[in-house]
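Protein chains in written order, with the working numbering: chain R, 13 to 562; chain U, 48 to 214. Glycine included, every Cβ here is placed at the ideal spot set by N, Cα and C. Remarks on the structure that follows.
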């Protein structure tokens, strides 16, 4: 994992003092509300419906146990004793006081954390696959590149006041995409050229929100050394020509669409031609240096233990279900990747208490070299667990509520905080998630349905990524009443697609039944082994419409 | 007389006046004192302004500095307007003027120029700042130097931090 050197420590300390000064001037009235707004947003500080909200950066989702413990302490000392994992792999505090934020930042800086650029019209936290570095089919570990991008984008003097927020994601696996790169402003897929050189396929102009789009490829192959100069060219074209007259048309996807992907690519190439050989071009030494931070932990030479696991699975059905759902194959023999699920029914997706943060820290120290990853599906990952300790781990986490064996299933809902917390929301989302979870509590039924992404957003801003849910739920406001619109067929994976709206929206109380009817159509029509999305793609939306609106 | 901040944070008197773009059909009205006129109008009447040390130009944030390619250094002062402090196009304009067009003379930020943006502006190549009148110029020196270094190469340094670390 990346470790700060003296330069990072110095910049972090200066940043804390800068924000302390900005906060002081804002509270003293020297900065107007409008002037403070982008400054506090670039530091993750929102003023929300009930209280301020502070979004803390978790670069590419990686956390050390010492950082989790510090987060736990901060939630106790400055908040109400819990935090929230977000769909950008960040962590949010829901109740801090504005005047405490500089002190919180100082506490975070002590453990090499910050809240830089977690909001505002600037380059946000770069995200990646939570299984980076531990899966077998990876082209290369994406995390060094994420850290390179993090440093380049931090306080970039030219791109701190973009037309809108800007999100970058990196994916490295050939067969899966857990980073949803095609629905980002820039999505980078690690690839190898015909001659085996490492580089990126570059998607630009994907995104959700009001005008959801899948990002087209604007460059098939970008050599790794050109990563930053090319990003700089894309950002410069966007900064200069992106629309600023209308907030809803200001994302880069609108510019890419207006110019066509080919036209946009031409502009970027023309800009890049001027700067590709500039000192921002990455050197071999620099890439190597960044890679040294993400080397393998101290794995032991241990064999796979399939036989003894099989016995344990045979003897204990709950363990068997958990292994089948929450445990993934690791590139090293004898190890496994474990996802701690945070979607126990009755707990808002992503919410985590101070005690649980400490429990996760302890688990990380005991089972996974002191490291944890936060996923964009709002779960947590222990990436390096020895197979011969899985049973013991499962027993430990079951009472903690992290062993709900529903990963990637219908009840593993991605859900924004919604109208309970967020000032932007048109409708509540958490109670909808909970009602649906209750309806589908029977695990056997859940497994029979198979993998299915259900995503819920409380408004058009799409923090719950509803557009790319196989089933997407969007809260809408109709004359002061909350209603919910359903879309089907979305995907955030390699086969990225924007869901299609089913029809008129529903009242909140109807939602569990509506979802049940959608599932019934799938179950009645599927062929053996066919996932929900495949059935939907084969039979189209009409059979669902007929049943739901019957 | 209004004040202007230099890149080291000291405060000097401002002699330059910004001439607004004339309305359609009106002609450019150049005052007695040193004046900054719209860059495209200067270019259009360039021979007319030959040798005039008291004429500089300004760009608005949507304009393209590339129109001055090859002739920028005939000007002693170029200004870039920030119509709103949150309009970040001026940063790109400044870098293009400095790095692409090799402009060497005075580059000033005008318009909605606030304290917390000064260091970004400086890193993008501005060396004079006309702070919005209601802001306290005495604080400019501090705000210009919140950070002792940056991660990226920009106009102020062509050595990104990753290169400094590698050496």
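- Sorting 417(R), 311(R), 517(R) and 192(R) by C-alpha distance to the C-alpha of residue 502(R) places 192(R) at the top.
- Within the DSSP bridge table, the entry for residue 175(U) names 53(U) and 155(U) as partners.
- At a cut-off of 8 Å between beta-carbon atoms, residue 198(U) makes contact with chain R.
- Taken in chain order, the whole beta strand (DSSP E) runs of length 3 or more contained in the region 491-560 of chain R are 493-500.
- For residue 65(R), the beta-bridge partners assigned by DSSP are 58(R).
- The continuous stretches of alpha helix (DSSP H) do not include residue 68(U), and DSSP gives it neither H nor E.
- Scanning its chain for C-beta atoms nearer than 8 Å, with the 5 sequence neighbours on each side dropped, one finds around residue 85(R) the residues 119 and 366, in chain order.
- In the DSSP assignment, residue 96(R) falls within the unbroken beta strand (DSSP E) covering 94-97.
- The beta carbon of residue 207(U) sits closer than 8 Å to some beta carbon of chain R.
- In the structure shown, residue 219(R) adopts extended strand secondary structure according to DSSP, grouped into three states.
- Taking 8 Å as the cut-off, the beta carbon of residue 387(R) is found closer than this to the beta carbon of residue 142(R).
- Annotation: residue 211(R) to residue 414(R) spans about 37 Å, alpha carbon to alpha carbon.
- Across the structure, residue 35(R) and residue 130(R) are spaced so that their CA atoms are roughly 17 Å apart.
- A buried status is given to residue 498(R), since no fewer than 16 other beta-carbon atoms sit within 10 Å of its beta-carbon.
- Among the residues facing chain R, residue 176(U) is not included, as its CB has no counterpart in that chain under 8 Å away.
- Per DSSP, reduced to three states, the secondary structure at residue 151(R) is coil, with no helix or strand assignment.
- Assigned with DSSP and collapsed to three states, residue 383(R) falls in strand.
- Secondary structure in the region 396-480 of chain R: the alpha helix (DSSP H) runs of 4 residues or longer, each lying completely within the stretch, are 402-409, 442-451 and 455-461 in chain order.
- With contact defined as three or more Cβ pairs closer than 8 Å, the region 309-326 of chain R and the region 233-243 of chain R are not in contact.
- Membership of residue 341(R) in the beta strand (DSSP E) is indicated by the continuous run 339-341.
- Annotated three-state conformation of residue 134(U) is coil, per DSSP.
- When Cβ-Cβ separations below 8 Å define contact, residue 309(R) makes no contact with chain U.
- A distance below 8 Å between beta-carbons, with the five flanking residues on each side excluded, links residue 370(R) to the following residues of its chain, in chain order: 80, 81 and 84.
- Between residue 142(U) and residue 154(U) a beta carbon distance of about 10 Å is seen, past the 8 Å cut, so the two are scored as non-contacting.
- Not a single C-beta of chain U is nearer than 8 Å to the C-beta of residue 147(R).
- The beta strand (DSSP E) runs lying completely inside the region 94-150 of chain U and spanning 3 residues or more are 102-106 and 124-129, given in chain order.
- Here DSSP, grouped into helix, strand and coil, assigns residue 48(R) to helix.
- Residues of the region 133-147 of chain U whose Cβ lies closer than 7 Å to any Cβ of chain R, in chain order: 133, 134, 135, 136, 138, 139, 142 and 147.
- Taking the Cα positions, residue 480(R) is about 10 Å away from residue 219(R).
- Boundaries around residue 114(R) are those of the alpha helix (DSSP H), 113-122, since no beta strand (DSSP E) includes it.
- Between residue 78(U) and the set 54(U), 103(U), 87(U) and 97(U), the nearest pair of CA atoms involves 103(U).
- Nearest CB-CB separation between residue 154(R) and chain U: not below the 8 Å threshold.
- Three or more Cβ pairs closer than 8 Å define a contact, and the region 373-384 of chain R meets that threshold against the region 392-411 of chain R.
- Remark: fewer than three beta-carbon pairs, one from each stretch, lie closer than 8 Å, so the region 168-185 of chain U and the region 206-213 of chain U are not flagged as touching.
- Here residue 345(R) carries a coil assignment [DSSP, helix/strand/coil].
- If you check the CB distance, residue 549(R) and residue 443(R) do not come in under 8 Å.
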